[in-house]
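Its first residue numbered 5, the sequence shown is counted upward by one per residue in our numbering. Shown next, in structure tokens, is the structure this report addresses.
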Amino acid sequence: MTMTHTHTGVQRGKHGKAERQQALVDAATAVFAEHGYDAATTREIAERADCSEGLIHRYFHGKRGLLLWILDAKAGEYTAKLTAALPDRDTLAEEIERLLAYAQESMWEDRDFMRVSVSRSVIDPEVGHVIGHHLNEARVQLIAEKLRRHQRAGRIREDADVVATAHAIAGINIACGFFAQVVFAMDRGEMRRYSHGIAEVLTRGLEPDSSQSSTTEG
5 MTMTHTHTGV QRGKHGKAER QQALVDAATA VFAEHGYDAA TTREIAERAD CSEGLIHRYF
65 HGKRGLLLWI LDAKAGEYTA KLTAALPDRD TLAEEIERLL AYAQESMWED RDFMRVSVSR
125 SVIDPEVGHV IGHHLNEARV QLIAEKLRRH QRAGRIREDA DVVATAHAIA GINIACGFFA
185 QVVFAMDRGE MRRYSHGIAE VLTRGLEPDS SQSSTTEG
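Here it is, written out as structure tokens:
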């Protein structure tokens with residue numbers, strides 16, 4: 005999510021509750037990304053949205069409620085967004101590599117807001133719950149379904165645990181997409197090369213072992 009300091013509000017008194025709520029959500033997303041959660045103020049959010057500051061407390065019960073609302077909304081949009089961005093691939097290696105590459109691209113674009121949400125999740129269990137049980141679970145379910153498709157096509161061993169593998173890929177996505185690129189400032193080109201190597205390793209581990217069909221007798 006690339007944020008710019010723009011006017012995102014609606015004129016007071018000319019729109020309904022839903023429009024005012026959305027204006028506040030858009031403004032809060034921008035302000036959190038630009039200044040961080042702690043430095044963001046409800047006054048600036050309200051000014052950016054052209055709404056009364058009191059509406060933040062009425063609709064969201066304060067700044068924390070706004071953050072939780074934003075995260076919950078992102079979780080609701082996540083599956084549709086991923087499905088559109090990640091069409092099925094013909095080979096397992098292409099599928100896994102694209103899953104890893106997309107996470108690096110999207111998390112880099114969304115890095116400012118991710119800094120806010122990940123840092124808050126460390127100290128606020130409810131924020132962590134929303135991220136873990138909504139956003140991450142949506143990612144895991146989508147990855148698992150893609151892996152099941154390859155398993156049904158015979159590209160993944162029948163005994164392979166695709167849900168456990170999906171959790172592993174989701175974990176790698178966070179590690180490479182957010183921590184390596186954003187927190188540790190590792191070279192993004194290098195991370196893309198690592199993704200290719202990781203995809204090769206995972207593919208080899210999941211594919212049926214052709215040697216099993218030619219076991220020796222006696």
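Glycine included, every Cβ here is placed at the ideal spot set by N, Cα and C.
Does DSSP classify residue i as helix, strand or coil?
i: S56; result: coil
i: E194; result: helix
i: T46; result: helix
i: A174; result: helix
i: E23; result: helix
i: F4; result: In this structure the chain extends from 5 to 222, so residue 4 is not present and cannot be described.
i: R208; result: helix
i: I160; result: coil
i: T220; result: Per-residue confidence for T220 stands at a pLDDT of 35, beneath the threshold of 50, marking its modelled position as unreliable; the derived number appears in the next sentence. Correct three-state label for T220: coil.
i: Y82; result: helix
Could you check whether residue j and residue i sit closer than 9 Å to each other, using their CB atoms as the reference points?
i: V120; j: F64; result: no
i: D213; j: R161; result: yes
i: A22; j: C55; result: no
i: V29; j: L70; result: yes
i: L210; j: I147; result: no
i: A32; j: K78; result: no
i: G136; j: S123; result: no
i: D76; j: H138; result: yes
Applying the 10 Å Cβ sphere with the 16-neighbour rule, what's the burial state of residue i?
i: A34; result: buried
i: I100; result: buried
i: V167; result: exposed
i: K85; result: exposed
i: F182; result: buried
i: V144; result: buried
i: S217; result: Interpretation of S217 is limited by its pLDDT of 41, a score under 50 that renders its predicted location unreliable; the figure taken from the coordinates is listed afterwards. The residue is exposed, with fewer than 16 neighbouring Cβ atoms inside 10 Å.
i: F117; result: buried
i: I127; result: exposed
Check the Cβ-Cβ distances between residue i and every residue of chain B, and say whether any is below 9 Å.
i: E99; result: Absent here is chain B; the protein component of the structure consists of one chain.
Pick out the complete alpha helix (DSSP H) segments inside the region 90-155, 4 residues or longer, and give them in chain order. Runs of the alpha helix (DSSP H) inside the region 90-155: 96-113, 115-127, 129-134.
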